[in-house]
Each structure stands twice: as structure tokens, then as C-alpha cells.
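This report refers to the structure that appears directly beneath it.
In the UniProt record's numbering, the protein residues as written are 1 to 67.
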């Protein structure tokens with residue numbers, strides 16, 4: 001399974017927006033992309049917001065689907 005990692009050393013630079021845009025395009029092209037937000041054991045507020053966004057868009061990777 002190919003994996004694309006979108007990352008930055010800075011926060012609030014658009015990583016989630018870019019990830020969602022790529023995933024939505026892949027979905028339109030017939031692929032089944034899944035998004036996972038890498039976070040610490042105790043996710044911060046931004047990680048929780050990203051997880052809610054991915055779930056609402058049906059792009060959330062199920063537990064165990066993570067690379």
C-alpha cells in the first residue's frame with residue numbers, strides 16, 4: 001500500500017487542507033484513500049479536530065489500517 005506523508009516543522013501551514021485535497025482527488029479518480037493524523041499518545045486539540053474532519057469526509061483510516 002503506497003503511503004504519502006504530508007508534513008511540516010511548523011503548525012497551521014495547511015497540512016490538513018493539502019491532505020484532504022489530495023485524498024478527495026484520489027477518491028474522484030476511483031482510488032480509496034484514507035487519512036491518518038500522526039499524534040502523540042495524548043492528541044492535542046488540533047489532532048482531535050483533524051480526526052473529526054477526516055471522519056466527516058469519510059476519509060478516516062480505521063484502526064489497524066495505519067502503515
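C-beta atoms are modelled at their ideal positions from N, C-alpha and C, and glycine is treated no differently. Since we're looking at a predicted model, the values are computed, not measured.
Simplified DSSP state of residue i, which is helix, strand or coil
i          : result
residue 32 : coil
residue 19 : helix
residue 1  : coil
C-beta atoms of residue i and residue j nearer than 8 angstroms
i          : j          : result
residue 3  : residue 18 : no
residue 51 : residue 37 : yes
For residue j and residue i, believed in contact at Cβ under 8 angstroms, the rounded distance
i           : j          : result
residue 35  : residue 60 : 6 angstroms
residue 47  : residue 39 : 4 angstroms
residue 114 : residue 21 : Nothing can be reported for residue 114, as the shown portion of the chain is limited to 1 through 67.
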